[in-house]
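Let me begin by presenting the structure, written as structure tokens, before commenting on it.
2 protein chains.
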Amino acid sequence: MPRVGLTPDQVVDHALALIDEQGVEALTLASVAARAGVATPSLYKHVSGGLTELRRLIAVRVTEELADRLAEAAVGRSGDDAVTAVLRAYHAYATGRPHRYNALPQAPQPDDDLTRAAARLVGVIVAVLRGYGLDGPEVIHAARTVRSLAHGFASLSIAGAFQLAEDLTTTHDRLITTLTTSLHTWPTTTAS
Amino acid sequence: MPRVGLTPDQVVDHALALIDEQGVEALTLASVAARAGVATPSLYKHVSGGLTELRRLIAVRVTEELADRLAEAAVGRSGDDAVTAVLRAYHAYATGRPHRYNALPQAPQPDDDLTRAAARLVGVIVAVLRGYGLDGPEVIHAARTVRSLAHGFASLSIAGAFQLAEDLTTTHDRLITTLTTSLHTWPTTTAS
DNA sequence: GGCTAAGGCTAATAGCCGTAGCTTTATGGC
DNA sequence: GCCATAAAGCTACGGCTATTAGCCTTAGCC
């Protein structure tokens, strides 16, 4: 039949569109194939590892997107301003495309590609943290704290875990203040 | 054939054992039924909503367990001591039974049972935070910050997102200090 | 002792993933 | 311009899953 001319990237595109519309549990090779206008087994020509590899590719793509957003938010800013912008960008991405963000933990074991993408994301955070005079092991501990706060808040927000009436935006502001304040007095790099 | 005498609680027990051993993606009605010594459709007599309801029941159970651990950790302590103990207990539970903790987000929409269980968990945190003189809306914002940090760190730890060589225990210590420090200067309950 | 309801079963449907093997389309070398 | 080859599509199939329908047997109660 007529060649569609798929590429692995296009398969991921279709998968992400499907996830955005119907959630991560709707991701199935059959529905991706239908959307791509192709029979299910044909996908294996482009994503040889099947569903597992597709999920891996999705995680890589989403991590790269997120890293891009954080990098954009950080450019031209420093200190508290940069941290605030990065955290807001993180939350905006996660809540703007919640299903996509939820696809992140569906990846199998972290592999080289995913590690590379995550490293870029961490790199943005580390760069911002250097504005506080942090380096050595302490910048890593601080970056992990930043990621924990950002991911925890995003993940719980998406899951609907914050059910009380209090304004979520205020919570986010408090959370950002918590972080920036703590970064100013972060243990300077001495002992391990 | 001979009655096994299953109850919904026992079905959840078997499901959790299976998750602990083989991970959350191995949770299938077929394998739970096999472990319970029963044919797959028989499970519907106890868990009428099928797999979806089983996942819901699992989330409720795990949330209750976690709330129990946090409550135990908090008893007899107050202030920084209590916050530290609660955060350590949270992380110990999550990393001690990682697959079980990962089963948490598999729940469908939060329903009454899950909301009740989560409310107890939040109640423990709120009680601890009152030791800092917080109340009104601010105690909620603070509790959300605590949950975000605890969940984010636990979730990323389990996922293997912290790949660098720096000691995770040190990161956790920094994170706890960040939190306690920030709680001491938390905005007192005035405006919204 | 018999009725009822609960808890088990088998059978069947529908959907999914993944493999095998065939066919067609492009493409590149001659 | 033609032909060989590899890539990209297809159909057919096997095996797993959830879920529903309908039957049978057990346990318990009046």
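Chain order of the listed sequences is A and B.
So for the first sequence, the numbering used here puts the first residue at 85; every next one is plus one.
So for the second sequence, the numbering used here puts the first residue at 85; every next one is plus one.
Note that beta-carbon positions come from the ideal geometry of N, C-alpha and C, so glycine has one too.
All of these numbers come straight from a predicted model, not from anything done at the bench.
query: Going by beta carbon distance, what residues of the same chain come within less than 8 Å of Pro92 (chain B), once the five residues before and after it are set aside?; result: His130, Val131 and Leu141
query: So for Thr254 (chain B), helix, strand or coil by DSSP?; result: helix
query: Return the CA-CA distance between Ile224 (chain B) and Val210 (chain B), expressed in angstroms with no decimal places.; result: 7 Å
query: Are the beta-carbon atoms belonging to Asp104 (chain B) and Arg184 (chain B) less than 7 Å from one another?; result: yes
query: Could you tell me which chain A residues have their CB closer than 9 Å to the CB of Arg258 (chain B), listed as they occur along the chain?; result: Glu222, His225, Ala226, Arg228, Thr229, Ser266, Trp270 and Pro271
query: In three-state DSSP terms, what is Gln288 (chain B)?; result: Absent from the model: residue 288 (chain B). The displayed extent of chain B is 85 to 276, so no value can be given.
query: Between the region 151 to 166 of chain B and the region 239 to 255 of chain B, can you find at least three pairs of beta-carbon atoms closer than 8 Å?; result: no
query: Rounded to whole angstroms, what is the Cα-Cα separation between Arg119 (chain B) and Val96 (chain B)?; result: 11 Å
query: I'd like to know whether the C-beta of Thr253 (chain A) is nearer than 7 Å to at least one C-beta of chain B.; result: no
query: Taking the C-alpha atoms as reference points, what is the distance between Gly220 (chain B) and Ile260 (chain A)?; result: 20 Å
query: Using the Cα positions of Ala234 (chain B) and Asp197 (chain A), report the straight-line distance between them to the nearest angstrom.; result: 27 Å
query: Rounded to whole angstroms, what is the Cα-Cα separation between Thr168 (chain B) and Arg204 (chain B)?; result: 19 Å
query: Check each residue of the region 183 to 197 of chain A: if its Cβ is closer than 7 Å to any Cβ of chain B, include it; give the result in chain order.; result: Pro189 and Pro194
query: For Ser232 (chain B), return the contacting residues in chain A, with the cut-off set at a CB-CB distance below 7 Å.; result: Leu233, Gly236, Phe237, Leu240 and Leu259
query: Is the Cβ-Cβ distance between Ser36 (chain B) and Thr269 (chain A) less than 7 Å?; result: Residue coverage of chain B in this structure runs from 85 to 276, which leaves residue 36 (chain B) outside it and unanswerable.
query: If we define contact as Cβ-Cβ less than 7 Å, is Gly244 (chain B) a contact residue for chain A?; result: yes
query: Beta-carbon of Leu248 (chain A) versus every beta-carbon of chain B: anything under 7 Å?; result: yes
query: Can you list the residues of chain B that Thr199 (chain A) reaches, using a CB-CB cut of under 9 Å?; result: Gln247
query: Which residue marks the beginning of the alpha helix (DSSP H) containing Ala234 (chain A), and which one marks its end?; result: Pro221 to Ala243
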